[in-house]
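Student: Under the numbering used here, think of the first position of the sequence shown as 609, with each following residue one higher.
Yeah, the Cβ is synthetic: ideal placement off N, Cα and C, and Gly gets one too.
One structure coming up, written as structure tokens, with questions to follow.
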Amino acid sequence: SNNFEKKIKKVEYDIKQILHKYNEEIAKINSLKEEANAARDERVVYSNLFNKIEKEIKHYEEIYKQTLIKN
């Protein structure tokens, strides 16, 4: 009986340890998900900025071409 109780305590302890590690890993995963979402948001911002700059460059290239044609 005493030996059986020790085994139960050991299994309970092991389960607590496993659950603790599991919760730590879930926290890491959630943190990585947040980082990934932030990176996606940044990518959208930089992509929009890049597109805006690209349009401006094309606009100024047209102005430059028109200036060359006139002269």
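1. Rounding to the nearest angstrom, what Cα-Cα distance links E643 and K636 in this structure?
2. According to DSSP, is N679 helix, strand or coil?
3. Taking just the CA atoms, how far does L640 sit from L627?
4. Which of helix, strand or coil does DSSP assign to S609?
5. How long is the line joining the alpha carbons of I623 and V653, rounded to whole angstroms?
Tutor: Taking the definition as stated:
1. The residue given as residue 643 occupies position 35 in the sequence shown. The residue given as residue 636 occupies position 28 in the sequence shown. Taking the straight line from one Cα to the other gives about 11 Å.
2. Within the sequence shown, numbered from 1, the residue matching residue 679 stands at position 71. Of the three classes helix, strand and coil, the one that applies to N679 here is coil, per DSSP.
3. As a working mapping, residue 627 is identified with position 19 in the sequence shown. As a working mapping, residue 640 is identified with position 32 in the sequence shown. So the alpha carbons of these two residues sit roughly 20 Å apart.
4. Here residue 609 is taken as the residue at index 1 of the sequence shown, counted from 1. DSSP places S609 in coil when its eight states are reduced to three.
5. In the sequence shown, counting from the first residue as 1, residue 623 sits at position 15. In the sequence shown, counting from the first residue as 1, residue 653 sits at position 45. One C-alpha to the other measures close to 45 Å.
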